[in-house]
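S.K.: Take a look at this one; I'll ask things after.
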Amino acid sequence: MNQVALQPGKLERIIQMQSLIVQAAFDLDRFMQTVVNNLQDLTGAKGAVVELVEGDNMVYRSTCGSMNPFVGMHLARANSLSGLCVRNVEVLHCIDAQTDPRVDLAACHRVGVRSMVCTPLLHDRVPVGVLKVMSDKVNAFNDEDVQTLQLMADVLGAALGKQIAYDRLNKDRQRLSHQIARQEQENRSLLSERSDMLTVLAHEVRQPLNNASAALQSAAHLLAEANDLSAAQRLSRARGVMGHVLANIDNTLAVAALLTRSTPAEREDADVDTLIALTLGDFTAEERQRIVCERLSSTRTVAMDTSLMRLALRNLLSNALDFSPPGQPVTLSLSDCDAPLALIFDVIDHGGGIDQQGVPLLFEKGMQSTNPHNATGHGLGLYIVRRVMELHHGMAQLLRNCADGVTMRLVLPLAPAD
Ligand SMILES: Nc1ncnc2c1ncn2[C@@H]1O[C@H](COP(=O)(O)OP(=O)(O)O)[C@@H](O)[C@H]1O
Ligand SMILES: [Mg+2]
C-alpha cells in the first residue's frame, strides 16, 4: 500500500479517539463502538466491525451499519479473510469477494459483502482480533481508507492493552480483597480464642489460686497460734510461691487488657492507706516484714484506679524484694509534690542496682533479668508500671540506680488532666 497524506479532518478524529483512551472511566465496549462508527464514517463503508479471536473462531464484538444484525456472530478462523489476517498479521485488501480465493464466499453472501479491508489488532505484538470495513460494492476502498483503518487499529490495540492491564489489576485486587477478608476472619477467631483463654485464666485459674492462698494464710495463722512454727513457715513459703504465680497471672491479664486500651484509667476517689494495705497483703509475712512504709504525705484520698495502682506498686515492691539480699529492708515512701500537684511513691532498695545496659529499655516489654537467680520474670512488670502510670497521666521513673540499690518513683497527679 502507498503511504498517503490523510486529510486534516480525518487525522483530527483519529487523535480524538486516542485521547478517549486515557479517560478515567474507560469503557472498552463503548470505545470499540465509537471506533467502528467513526471508521464507517471516515471510509464511507457500508459497515464496520471489530472481530476478536476466541479459540478457533472470530467473534463479531462491535458492529455498525450493515453489520449491525450480525453482532455476536461466530465465524471459523480457517477459510476466512479475518482468520488469514490474524494468522499472517498483515493488512488484507479484498477488492472483489466474488473472485478472491481467500474469502469465505458463503459468509460474504450472508452478510452482503463484496469488497473489504481488514487489519490485525495487536496487543503486545500478538494479534487478538481484526478491524474490518466492508461494502456491498466492488473495490470500494482506496489507499487512504486503508491507512485510516490501520491508524484506527493502532488506537484500538492501545485501548485493548489498557483494558487487559485493567482486568489484570482488577483480578489482583479481587484476589487481595479475598485474602484480606480471609485474614480478618482468621484474626477474629484468634482474638475470640484469646479472649476465651484469658477468661479461663482469670476465672478458672486465678480465682481458685487466690482462694487457696487465703486458706493457706489462715492455716498458717492457726499453726502459729498452736506454736507449730516450722509448719507455719512452710505454709508461708508455699503461699509465697503461690503469690508469685498469682502475680505473673495478674501481669499477663493486665497486659492483655492494657494493650487493647487507649482510654484513660477509670479513676475513683480511693483511700491511699487502703491501697497500701491491699498491696502489702499481696506479699507473704516474711516479705512484708522487709517492707518499711514511710508516710511523708498527709494526702488521704486520690482519684485512681485502685486495682491498677495496686498492680504497679506490687511490681515495684516485688522487684525491690527479689533483686536485693533477703535480709535487706525495702522502703515504700509516700510524699507530696507541688508542681505538678501529685502524690509520689518511692520504692527504695539496697540491692546491686540495674545493669546500665538494660536501663534505656527498662520500661519496655520483654526486659528480663540477667541474674540467673532471678530468671523467673517475663519482663512484663515495669512495662505494666509504665502503662498504668500513663493511663493515670502520671509517670514512672528510675530515680536512683547505683551499686547500693535502686529507687523507683511513681508520680500520681492529684488533678487529672483528663
Ligand atoms: N530494683 C531492681 N533492682 C535490680 N534490677 C531490677 C530492679 N527492678 C528491675 N530490675 C531489672 O529489670 C528487669 C525487668 O523488670 P520487670 O519489668 O519487673 O520484669 P520481670 O518480670 O523480669 O520482673 C528485671 O528482670 C531486672 O533485671
Ligand atoms: Mg518484676
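Position 332 (the sequence shown) corresponds to 350 in the numbering used here; numbering is contiguous. Backbone N, C-alpha and C define an ideal beta-carbon position, used for all residues, glycine too. Predicted, not measured: the structure shown is a model, and the values here were computed from it.
With S80 and V54 assumed to form a contact (beta carbons below 8 Å), what rounded beta-carbon distance in angstroms separates them?
M.R.: Within the sequence shown, residue 80 is the residue found at index 62, counting from 1. Within the sequence shown, residue 54 is the residue found at index 36, counting from 1. With a Cβ gap of about 5 Å, S80 and V54 count as contacting.
S.K.: Below 7 Å, is the gap between the Cβ of S316 and the nearest heavy atom of ligand 2?
M.R.: Start at 1 with the first residue of the sequence shown, and residue 316 comes out as number 298. Not so, every heavy atom of ligand 2 lies at least 7 Å from the Cβ.
S.K.: Could you say which of V223, R105 and Y184 lies nearest to N266 if we only look at CA atoms?
M.R.: Numbered from its first residue, the sequence shown carries residue 266 at position 248. Looking at the Cα atoms, V223 is the closest of the given residues.
S.K.: From R427 to Q374, what distance separates their C-alpha atoms?
M.R.: Working through the sequence shown from its first residue, we reach residue 427 at position 409. Working through the sequence shown from its first residue, we reach residue 374 at position 356. Cα-Cα distance, rounded: 18 Å.
S.K.: Ordered along the chain, which non-local residues of its own chain (more than five positions away) have a Cβ less than 8 Å from that of L271?
M.R.: Position 253 of the sequence shown holds residue 271. Excluding sequence neighbours, L271 sits near L216, L219, A220 and R224.
S.K.: How would you call D142, buried or exposed, if buried means at least 16 neighbouring beta carbons within 10 angstroms?
M.R.: If you number the sequence shown from 1, residue 142 lands on position 124. D142 is exposed by the Cβ-count criterion.
S.K.: Does the distance between the C-beta of V424 and the nearest non-hydrogen atom of ligand 4 fall short of 7 Å?
M.R.: With respect to ligand 4, the structure shown offers nothing to examine, as its ligands consist of ligand 1 and ligand 2.
S.K.: Could you tell me if the beta carbon of L276 falls within a distance shorter than 7 Å of some heavy atom in ligand 1?
M.R.: Looking up residue 276 in the sequence shown gives position 258. Every heavy atom of ligand 1 is 7 Å or more from the Cβ of L276, so no.
S.K.: Given this structure, state the Cα-to-Cα distance separating H391 from S342, to the nearest angstrom.
M.R.: Translated into positions along the sequence shown, residue 391 becomes position 373. Translated into positions along the sequence shown, residue 342 becomes position 324. In this predicted model, H391 has a pLDDT of only 49, less than 50, meaning its place in the structure is not dependable; the value taken from the coordinates is given anyway. One C-alpha to the other measures close to 11 Å.
S.K.: If I372 and N419 are in contact, beta carbons under 8 Å, what's the gap, nearest whole angstrom?
M.R.: Position 354 of the sequence shown, counted from the start, is the residue given in the question as residue 372. Position 401 of the sequence shown, counted from the start, is the residue given in the question as residue 419. About 5 Å separates the two Cβ atoms, so the contact holds.
S.K.: If I follow the unbroken alpha helix (DSSP H) through F49, where does it start and stop?
M.R.: The residue labelled residue 49 in the question sits at position 31 within the sequence shown. Residues L46 to T61.
S.K.: Thinking just about the alpha-carbon of each residue, which of N86, Y401, E72 and L178 is nearest to the one in N269?
M.R.: Position 251 of the sequence shown holds residue 269. Checking every option, the nearest Cα to that of N269 belongs to Y401.
S.K.: Would you grab the beta carbon distance between A177 and L57 for me? Rounded to a whole angstrom, and I think it's under 8 Å.
M.R.: Position 159 of the sequence shown, counted from the first residue, corresponds to residue 177. Position 39 of the sequence shown, counted from the first residue, corresponds to residue 57. A177 to L57, Cβ: 14 Å. No contact.
S.K.: Can you have a look at V424 and say buried or exposed, based on whether 16 or more other CB atoms are within 10 angstroms of its CB?
M.R.: To locate residue 424, count along the sequence shown from 1; it is residue 406. V424 comes out buried.
S.K.: Closer than 7 Å: is that where the CB of M260 sits relative to any heavy atom of ligand 1?
M.R.: Position 242 of the sequence shown, counted from the start, is the residue given in the question as residue 260. The answer is no for M260.
S.K.: Can you give me the C-alpha to C-alpha distance between Q36 and V173, rounded to a whole angstrom?
M.R.: For this step, residue 36 is matched to residue 18 along the sequence shown. For this step, residue 173 is matched to residue 155 along the sequence shown. When rounded, the distance between both Cα atoms is 6 Å.
S.K.: Can V151 and A63 be called in contact, C-beta distance under 8 Å?
M.R.: Within the sequence shown, residue 151 is the residue found at index 133, counting from 1. Within the sequence shown, residue 63 is the residue found at index 45, counting from 1. Yes, Cβ-Cβ distance for V151 and A63 is below 8 Å.
S.K.: Kindly indicate the opening and closing residues of the beta strand (DSSP E) around N75.
M.R.: Position 57 of the sequence shown holds residue 75. N75 to G83 is the span of the beta strand (DSSP E), which, as asked, contains N75.
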